[in-house]
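Asker:
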Amino acid sequence: MHHTFIFLICLWHLVDGVNIVLVMEGDSVTLHTDVTEIHRHYKQYLYWWFGPEDTRLVEVIQFDEKTQDIRYYHDVIFRDRLQIDNQTGSLTIRNIRTTDSGLYQVNSPLLTELFNVTVYARLPIPVITRYSTCSLSSGSLQNCSLLCSVLNVRDVTLSWYKGNSVLSSISVSDLSISLSLPLEVEYQDNNTYSCVLNNTISNQTQYLDITQLCQDSVHCCGFTEAVIRLVSSAVVGVTTLTIVIHDIISRRAEKKWRTSQSVPE
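Read in order, the letters of the sequence shown correspond to residues -17 to -1, 1 to 248 in mature numbering (1 follows the signal peptide of the UniProt record, and there is no 0).
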């Protein structure tokens, strides 16, 4: 049976005064302002902006403590997925999409912060298949040839593991229609193998079931090996017979020649 595990996390750190936010597609993320509460006199001057064109997303209008109003400038990208905390001014984006990646900025008389948000697409589950029915190496050693593949991925690494050790890996940054990595194992191997697809904040793991995928290879290799041995035996037998016949003919020719030499003229 194949097993699949996924590990998700939102990463957040500060680089040169810009908050770096890494998040998985479909999750919700909150861009936290560095305040616990904005004074009521300044709330009406708080704005959120997005992208290089400085698209206005949110404007807080608060005239007094009793009358509060938040105006959302919903772009077709965000629609109704934005929500602001009217105490701190923090912005929440629900069901975030890869198209939401970019630079966000919050401004008020007492507050200016930048957030660089990167949204990663959810990773597909790697698929392990057998791409060669049977292979023989090192005499009678029987191997199973496998392929781990994923479709339509970018900014990822695909790796084969034996236990906790990396056997091989391949990485892509641009969109790849198909990404594959081969592996050859002995059908009687009892080690644990897994194929792992990962990016900066998540991974997908598929474990190899050698018995399930390679059992046909065992029968195939057993039959193939038997045929090879049978043919080899036949070749050896024919070769031996040829040598014996050649030896008999040579002996008879030599005996006839000696007899002809011994007859007096």
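For each residue, glycine too, the CB sits at the ideal point set by N, CA and C.
1) Can you tell me whether residue 260 is helix, strand or coil according to DSSP?
2) Closest to Leu86 by C-alpha separation, out of Glu96, Asn78, Pro92, Arg77, would be which residue?
3) Identify the residues that DSSP records as bridge partners of Asn135: which are they?
4) Which two residues bound the contiguous beta strand (DSSP E) that contains Ile67?
5) I'd like the list of long-range same chain contacts for Gln70, defined as Cβ closer than 6 Å, with 5 residues on each side in sequence excluded.
6) Figure out for me which residue from Arg113, Met7, Thr16, Tyr170 has the closest Cα to the Cα of Ser91.
7) Which residues in the same chain as Thr175 place their Cβ atom closer than 6 Å to its Cβ, once the five residues preceding and following it in sequence are excluded?
8) Apply the 10 Å Cβ neighbour rule to Pro35 and answer buried if 16 or more other Cβ atoms are within range, or exposed otherwise.
9) Output the distance between the C-alpha atoms of Asn135 and Leu141, rounded to the nearest integer angstrom.
10) Can you tell me whether DSSP reads Asp52 as helix, strand or coil?
11) Measure from the alpha carbon of residue 267 to the alpha carbon of each residue in Thr194, Asn182, Ser152, Val149, then state which is nearest.
12) Going by alpha carbons, who is nearest to Val1 out of Asn99, Ser156, Glu169, Glu8?
13) Could you check what DSSP says for Leu70 in three-state terms: helix, strand or coil?
14) At a cut-off of 8 Å, is Ile108 close to the ligand ZN when judged by its beta-carbon and the heavy atoms of the ligand?
15) How is Leu97 classed by DSSP in three states: helix, strand or coil?
16) Give me the Cα-Cα distance between Gln125 and Val139, rounded to the nearest whole angstrom.
17) Sort Val41, Arg64, Ser84, Arg23 by Cα distance to Met7 and report the nearest one.
18) For Ser156, collect the residues of the same chain with a Cβ closer than 6 Å to its Cβ; drop the 5 residues on either side in sequence, then sort them by chain order.
19) According to DSSP, is Thr183 helix, strand or coil?
20) Roughly how many angstroms separate the alpha carbons of Leu106 and His22, rounded to a whole number?
21) May I ask you to report which of helix, strand or coil DSSP gives Leu162?
22) Determine the contact status of Leu74 and Val102, defining contact as a CB-CB distance below 9 Å.
Answerer: Reading it off the structure:
1) Because residue 260 is not part of the residues shown, which for the chain are -17 to 248, the question remains open.
2) Glu96
3) Per DSSP, none; premise fails for Asn135.
4) 65 to 67
5) Only Glu20 meet the Cβ criterion.
6) Thr16
7) Gly146
8) So Pro35 counts as exposed.
9) Straight through space, the alpha carbons of Leu141 and Asn135 are spaced by roughly 13 Å.
10) If DSSP states are grouped into helix, strand and coil, Asp52 belongs with the strands.
11) Limits of the chain in this structure are -17 at one end and 248 at the other, which puts residue 267 out of reach.
12) Of all alpha-carbon atoms in Asn99, Ser156, Glu169, Glu8, the one lying nearest the alpha-carbon of Val1 is that of Asn99.
13) Position check: residue 70 holds Gln in this sequence, whereas Leu was assumed. Gln70: coil per DSSP, three-state reduction.
14) Summarising the ligand content, the structure contains no ligands, and the ligand ZN is consequently not present.
15) strand
16) Going by the C-alpha atoms only, they are around 33 Å apart.
17) Ser84
18) Asp138
19) coil
20) Rounded to whole angstroms, Leu106 to His22 spans 43 Å at the Cα level.
21) strand
22) no
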